[in-house]
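Novice: Per full-length UniProt numbering, the sequence shown starts with residue 1, numbered consecutively.
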Amino acid sequence: MSNKQLKRFGVSMEEGLLQKFDQLIKKKGYENRSEAVRDLVRDALVKQTWEDDEQMVAGSVLIFYDHHQSDLLQELTVIQHEMHDQVLATTHFHIDHSNCLEIIVVKGKAKDIRSFSDQLISLKGVKYGKFTVSPLQSMD
Ligand code: NI
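(1) May I have the straight-line CA-CA distance separating I103 from T90, to the nearest angstrom?
(2) Near C100, what residues of its chain come up, given a Cβ to Cβ distance below 8 angstroms and the 5 sequence neighbours on each side ignored?
(3) Is the closest heavy atom of the ligand NI to the C-beta of H94 under 7 angstroms?
(4) Is R67 near the ligand NI, going by C-beta to nearest heavy atom under 7 angstroms?
(5) Whole angstroms is fine: what's the gap from S115's alpha carbon to Q74's?
(6) Grab me the residues of D52's own chain with a C-beta within less than 7 angstroms of its C-beta, minus the 5 sequence neighbours each way, in chain order.
(7) Would you check whether the ligand MG has a heavy atom nearer than 7 angstroms to the C-beta of Q19?
(8) In whole angstroms, give me the CA-to-CA distance for Q69 and Q137.
(9) To test your reading of the DSSP string, which unbroken beta strand (DSSP E) runs of 3 or more residues are found completely within the stretch 54-139?
(10) Judging by CA-CA distance, which residue of M83, S60, T49 is the nearest neighbour of K130?
(11) So, V19 versus I79, is the Cβ gap smaller than 8 angstroms?
(12) How far does the alpha helix (DSSP H) with V6 in it extend, from its first residue to its last?
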């Protein structure tokens, strides 16, 4: 039996909560409740994967920083070299005279990727940092 076969199930919820859900669906542009629920379930599954230390995950670390900050470029390079097996690509954008935006694509065990991401984002001079996780395979 294909696991892509659609199964129907009933969901009960308070009227007020359902109204808010329908408003959200409209705002986000979903065709129907089913598609919105599927995305919520996928999000929850990816989030759970991310919490399991040994799970393989892929994703990207986005960091925004001032390249004039002393030692920062050196520290960014050292941390990325220490994780050379997990870093798939790094793209650097010179946003203006001082600021840089860097996107680092990574793949590895959740615990290693989390540690890598935390190290980069917490560096002095990094003004904003965000990690986004992606599933490694389709969750259909
Ligand atoms: Ni730059």
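Beta carbons: idealized from backbone N, C-alpha and C, even for Gly.
Specialist: With the given structure in hand:
(1) Between I103 and T90, the C-alpha separation is close to 6 angstroms.
(2) In its chain, beyond the 5 residues on either side, F64, Y65, D66, H67, H92, F93, H94 have a beta carbon closer than 8 angstroms to the beta carbon of C100.
(3) Relative to the ligand NI, the beta carbon of H94 is positioned inside 7 angstroms of a heavy atom.
(4) The sequence given here places His at residue 67; Arg does not occur at that position. A distance criterion of 7 angstroms places the beta-carbon of H67 in contact range of the ligand NI, judged by its closest non-hydrogen atom.
(5) Separation of S115 and Q74 (C-alpha to C-alpha, rounded to the nearest whole angstrom) is 18 angstroms.
(6) So the qualifying residues of the chain are A110.
(7) Ligands displayed in this structure: the ligand NI; the ligand MG is not among them.
(8) Distance from the CA atom of Q69 to the CA atom of Q137, rounded to whole angstroms, is 39 angstroms.
(9) The qualifying runs are 56-66, 87-94, 99-109, 126-134.
(10) Comparing Cα-Cα distances from K130 to each of M83, S60, T49, the minimum goes to S60.
(11) In the sequence under discussion, the amino acid at residue 19 is Gln, which differs from the Val named in the question. Q19 is not a Cβ neighbour of I79, given a cutoff of 8 angstroms.
(12) Residue 6 is actually Leu in this sequence, not Val. Unbroken run through L6: none, as it is neither H nor E.
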